[in-house]
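S.K.:
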Amino acid sequence: MVSSTEYASHTWELLLTVDHQHEGVKKIFELQVTGDLHVGGLMLKLVEKIEIAQDWSDYAFWWDQKKCWLLKTHWTLDKCGVQADAKLIFTTQHKMLRLRLPNMKTVRLKVSFSDMVFRAVSDICKTLNIRRSEELSLLKQSEGTLKKKKKKDKNSKEPATEDILNLCDSPVSSGLPANPGFYSKTMTPIYDPVSGSPASSTVTWFSDGSSSEQSCSILALSHPTCSPEMLAEMYQPRTLADKAKLNAGWLDSSRSLMEQGVQEDDQLLLRFKYYTFFDLNPKYDAVRINQIYEQARWAILLEEIDCTEEEMLIFAALQAYHVSKLSLSSETQDSTCESEVDEVEAALSNLEVTLEGGNKSNILEDITDIPKLADNLKLIRPKKLALKAIKTYWFVFRDTSISYFKNKESAQGEPIEKLNLKGCEVVPDVNVAAKKFGIKLLIPVADGMNEVYLRCDNEDQYARWMAACVLASKGRTMADSSYQPEVQKILSFLQMKNWTMCSQTASEPENVDMKPECFVSPRYTKKFKSKQLTARILEAHQNVSQMSLVEAKLRFIQAWQSLPEFGLSYYIVRFKGSKKDDVLGVSYNRLIRIDMATGDPITTWRFANMKQWNVNWEIRQVAIEFDQNVSIAFTCLSADCKIIHEYIGGYIFLSTRSKDHNETLDEELFHKLTGGQE
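Take a look at the structure:
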């Protein structure tokens, strides 16, 4: 038997703080505890001491010194490492958070501060009615991107009240996993037992109620763009180093918000982190498509991604008339209209915007026939000194390689050169007005990148060869089902650019209520006068004037995806053995080493050729091993190396997705690929 005095010697005082909002009620408690008391028992003892009758089910202990939650209630204090000097805070797991969406609107809702960010984002997306939450994450704005804002108003913590959509009563605010609410009617389609297609009754964006209608109008529809003055005040990256700042603040998906220093009512950015938009379907993805469109629009306006003058005018035409104008018209306010759904399905069918492409016909031909291309093209080698810089050859495209010969008759013999395009960079070099249809190939070689330019004669030839090059760079041939959709996508983009051939006449600028400065980046505002911009945007508009609202958004996204820099996230790194800093571009299928001074790509490494990657957490160095005994190692200077590690693992995880798996995600696999072991 143990005497009471001996038992008392094993107890010790533990200081506990209760985070509640009741005035005049005690918040700090000292409890006598023992090391073998489990966390759940400590909660029970504390709640019995608190003189407040309320639901404490959402409360848990936060260990402030160690910056961790004590969520395993069956663990003892000894097992957790809690001793007398520990300061535990009994606080809610779900707290208010302000999220800035891609459309620059702010929503305020309760989010789990104890779940890992990956799961918290999943719950947020269910509340906001956004499918495929794995493509998004939370971003803290770095100090460098906030400088202009702070100079303007240092004390402003929150935007104007009318800009905030308050979702305090959202499904996650109860402290439970996100219940159906807004989400179920769109995210879990009811399939027709005969055809297998989703029943039309599932096309309801939100549950009934005026607040839901307000949410729908804000999240699923675009709104008038900002003023040129507001645009000028926002952060605009000028160099690759500036662009690297944009990606420095991604939160760690394997840790909770609280563990990463996020406080209640802080503001974070909700953004599409991974540029692989899987299974885009307008019937269910009204909010998702609009937010992708908005992220693309702002990236172009703020020059986060480069585009030509011709492309900028196309983007402006799609914004100015189809998205901004149609969104404001009364005819498009009802997004649940059945006719709109039919129109959307037709637009989707015509555009074939899903990543797989998926030409359903001629499947047997795809399996048995490996097509080839053969044409006269012009070859330009800018780095080689020659009397004749441009020369015409007979080119043959077969599998993933291009061979060229002196002429068609010599095509049966040995080629002058054979170029293997697997793993190369394919960059369009097009000016439709000037009838210039070029393809720039950057082919990896031992000492860097070999530059080759191909010049096509017309749009059709360009579309066929460009599509073949794009697929070959990914290791796919023209037999792939996505080849024809890729050709059509390129042709439709060229058609949008070719407004000079349109027979319709542009409207008189004076008769149009339009501020062109709102639809182009500041660089072009400085280059052209307002009337000039208006006239040129109206010209570009002629080829997109018949599109529906959703089709215009999809075309905008498609055009954005066609830009050479699309999907690249930049980081400043120092490669092992190098004496200078470089920029690393991370994309969905490759890593690119880029010269920081010139912006030219130096080397490309494909994920498909990657054997393994790991991180030395002591020196914060990422090491990657590829096929053919190629190894690289680098330290990240502009962000934590964990961010790049997670990017690589995240893209590999997303490549495993399949429509057959429906909405279920292997969360364990995601954390295995991205978590690391620090």
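So the mapping is simple: our numbering equals the position in the sequence shown, first residue as 1, plus 167. Ideal Cβ placement from N, Cα and C applies to all residues, glycine included.
1) Examine the Cβ distances between the segment 596 to 607 and the segment 623 to 634 and report whether three or more of them are shorter than 8 Å.
2) Is the number of C-beta pairs between the segment 179 to 191 and the segment 250 to 258 that are closer than 8 Å three or more?
3) For Leu638, count neighbouring C-beta atoms within 10 Å of its own C-beta (all shown protein chains included) and say buried if the count is 16 or more, exposed if not.
4) Mind checking Lys315: buried by the 16 CB within 10 Å criterion, or exposed?
5) Please check the pair Ala227 and Ser281, which I expect to be a contact at CB under 8 Å, by giving their CB distance rounded to whole angstroms.
6) Where do the ends of the beta strand (DSSP E) carrying Ile456 lie?
7) Can you give me the start and stop residues for the beta strand (DSSP E) that Thr258 sits inside?
8) If contact is defined by three or more beta carbon pairs under 8 Å, each pair taking one atom from either stretch, is the segment 262 to 274 in contact with the segment 231 to 240?
9) In or out: Asn296 buried (at least 16 other Cβ within 10 Å) or exposed?
10) DSSP three-state call for Thr499: helix, strand or coil?
11) Between Leu264 and Asp432, what straight-line distance do the alpha-carbon atoms span, to the nearest angstrom?
12) Can you tell me whether DSSP reads Gln250 as helix, strand or coil?
13) Going by C-alpha distance, which of Trp772, Asp749, Asn756, Val214 is nearest Met763?
14) For Gln486, count the other beta carbons within 10 Å of its own beta carbon; 16 or more makes it buried, fewer makes it exposed. Which is it?
15) Buried or exposed: which applies to Cys803, given that a residue is buried once 16 or more other Cβ atoms fall within 10 Å of its Cβ?
16) So Val288 is in the alpha helix (DSSP H); what residue range does that whole segment cover?
17) Is there contact between the segment 432 to 447 and the segment 757 to 777, where contact requires at least three CB pairs shorter than 8 Å?
18) Alpha carbon to alpha carbon, what distance is there between Val284 and Thr259?
19) Report the option in Glu476, Glu461, Leu211, Leu609 whose CA atom is closest to the CA atom of Ile704.
20) Apart from the five residues on each side of it in sequence, which residues of its chain come closer than 7 Å, Cβ to Cβ, to Lys656?
21) Judging by CA-CA distance, which residue of His390, Gln788, Gly428 is the nearest neighbour of Arg741?
22) On the three-state DSSP scale, how would you describe Phe604?
23) Ends of the beta strand (DSSP E) at Tyr737?
24) Counting only the same chain and skipping the five closest in sequence on each side, list residues whose C-beta sits under 7 Å from that of Val192.
25) Restricting to runs no shorter than 4 residues, where is the alpha helix (DSSP H) found entirely within the segment 171 to 204?
26) How many Å lie between Lys573 and Ile786 at the Cα?
27) Return the chain-ordered list of same chain residues with a C-beta closer than 6 Å to the C-beta of Ser368, the five sequence neighbours on each side being excluded.
28) What residues in its chain sit with their C-beta under 8 Å from that of Leu211, if we drop five residues either side in the sequence?
29) Return the chain-ordered list of same chain residues with a C-beta closer than 7 Å to the C-beta of Gly416, the five sequence neighbours on each side being excluded.
30) Would you mind giving the Cβ-Cβ distance between Leu608 and Cys636, rounded to the nearest angstrom? I have them listed as a contact below 8 Å.
31) Residue ranges of each beta strand (DSSP E) run of no fewer than 3 residues wholly in the segment 563 to 599, ordered along the chain?
32) In three-state DSSP terms, what is Ala707?
33) Excluding sequence positions up to five away, which residues of its chain have a Cβ less than 7 Å from the Cβ of Phe793?
34) Quick one: what's got a C-beta closer than 6 Å to Thr355's C-beta in the same chain, skipping five residues either side?
35) For Leu424, I'd like the list of residues in its chain whose CB is within less than 6 Å of its CB, leaving aside the five on either flank, ordered along the chain.
36) Measuring alpha carbon to alpha carbon, tell me which residue in Leu621, Lys262, Gly590 is nearest Asp225.
M.R.: Straight from the coordinates:
1) yes
2) yes
3) buried
4) Confidence at Lys315 is low in this model, with a pLDDT of 49, below 50, so its placement is unreliable and no value can be given for it.
5) 6 Å
6) Run containing Ile456: none in the beta strand (DSSP E); it sits in the alpha helix (DSSP H), 453 to 468.
7) 254 to 259
8) no
9) buried
10) Caution is warranted here: a pLDDT of 43 is assigned to Thr499, below 50, making its placement in the model unreliable, and the coordinate value is therefore given only provisionally. Three-state DSSP puts Thr499 in a helix.
11) 4 Å
12) coil
13) Asp749
14) buried
15) buried
16) 284 to 295
17) no
18) 16 Å
19) Glu476
20) Gln725
21) Gln788
22) strand
23) 736 to 742
24) Glu218, Ile219
25) 171 to 176
26) 54 Å
27) Residue placement at Ser368 cannot be trusted, given a pLDDT of 36 that sits under 50; the coordinates are not used to answer.
28) none
29) Leu306, Lys307, Gln308, Ser309
30) 7 Å
31) 568 to 572, 584 to 587, 592 to 598
32) helix
33) Trp772, Asn776, Met777, Lys778
34) Low per-residue confidence applies at Thr355: pLDDT is 42, beneath 50, and the placement is therefore not dependable, though the value from the model is reported in the following sentence. For Thr355, where only same-chain residues beyond five positions count, there are no Cβ hits under 6 Å.
35) Phe280
36) Lys262
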